[in-house]
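S.K.:
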Amino acid sequence: MKQLSLFSILCFVLISFDGATATFSEETCSNNGVFMPNGTYDTNRRLILSYLPSNVTAQKGLFYNASIGQEPNHIYATGMCIHGSDPVDCSDCIRTTSDALIQKCPNQTEAYSWPSGPTLCHVRYSNTSFLGSLDLNPRDSITHGANVTSDLTKFMKIWEDLAVRMVDAASTSRSTPSSSDNHYTANIAALTVFIDIYALMQCTPDLSSEDCRTCLRRSASEYSGPCCNTKRGTRIVRPSCYFRMELYSFSKATFVNFTAAAVVPQPPDSQPSTTNNGNFSN
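Structural data, given as structure tokens:
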């Protein structure tokens, strides 16, 4: 029985890294409007984005919003890093992301990015005020690795339980709207004794609890749909929220263990055992 269990686990690990990686742009440029390059709006955009790295890290909550200019060249921007980010990593992430948005969205009046890297950060700008507003689009997603096929029923049970608990945790306001630990959670649940699922959910901290819940529920529900088809790695990004699931840790996040909630009951064994909690394969 132990040999069969080990064989099943090894098969699971081997196919975890199979499959092609999809093309994915971390910068999402909106089609809602354009501006004249090197004009006043472009100047204001470059200026306000240059303020973000130092101002985000100067805030205890690692979240900053600002606006500059006069109509029709008024621009709004926000920047944030996930809770617990190293200040240097955060500043570098905001700076690199701002530069990438300028390059990849050369004349779009709205754009945002949730880049992957040493830490997770978020930069967004627009010619209309968006603070406190729920925006589900434009969205983007990336998946990698093979589809989950082995013990799919058990996998989905563990994942769905984890997702429900994470959405509840993230959408519950725990601090001020100016802190990145508001609407944030990073968790881990056991699939097998050797394999864990890591997931991170973050809404922009200015959202209401209900809007955050709506955004994260939409993204979590898409994981098992046509978008992501239960891949072993998934990111879904929206202007107002971020969702990522992997079989490894990422973004230097501190993942809180949800194993106790995800344990799959094991059949009785001939000898008592305390090492089978969380097993994914029998």
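Using mature numbering (1 follows the signal peptide of the UniProt record, and there is no 0), the letters of the sequence shown correspond one by one to residues -22 to -1, 1 to 260.
Glycine is no exception: its CB is placed at the ideal position from the N, C-alpha and C atoms.
Apart from the five residues just before and just after L140, which ones in its own chain have a Cβ nearer than 7 angstroms to its Cβ?
M.R.: Result list for L140: N165, A167, I175, A177, F236, A240, in chain order.
S.K.: Per DSSP, which residues does Q180 bridge with? Please list them.
M.R.: Y162, Y220
S.K.: Report the three-state DSSP secondary structure of T75 (helix, strand or coil).
M.R.: helix
S.K.: Among all the DSSP beta bridges, which residues are the ones paired with C59?
M.R.: C99
S.K.: With distance defined between alpha-carbon atoms, name the residue in L130, V142, A89 nearest to W53.
M.R.: Note that residue 53 corresponds to Ile in the displayed sequence, not to Trp. The residue with the shortest Cα to Cα distance from I53 is A89.
S.K.: Report the rounded CA-to-CA distance for S8 versus M179, giving the unit in angstroms.
M.R.: 23 angstroms
S.K.: Classify P50 as buried or exposed, calling it buried when 16 or more other Cβ atoms lie within 10 Å of its own Cβ.
M.R.: exposed
S.K.: Measure the alpha-carbon distance for V34 versus T131 and round it to whole angstroms.
M.R.: Rounded to the nearest angstrom, the two C-alpha atoms are 43 angstroms apart.
S.K.: What did DSSP end up calling R191 once you bin it into helix, strand or coil?
M.R.: Looking at R191 - three-state DSSP - the assignment turns out to be helix.
S.K.: Excluding the 5 residues preceding and the 5 following C205 in the sequence, name in chain order all residues of the same chain whose CB lies nearer than 6 angstroms to its CB.
M.R.: S119.
S.K.: Between T75 and the rest of its own chain, which residues show a CB-CB distance below 7 angstroms, the 5 nearest in sequence each way excluded?
M.R.: Correct list, in chain order: S91, P93, C99, V101.
S.K.: When you compare only the Cα positions, how much space is there between E200 and H122?
M.R.: 15 angstroms
S.K.: Taking the alpha-carbon positions, what's the L30 to S158 distance?
M.R.: Between L30 and S158, the C-alpha separation is close to 15 angstroms.
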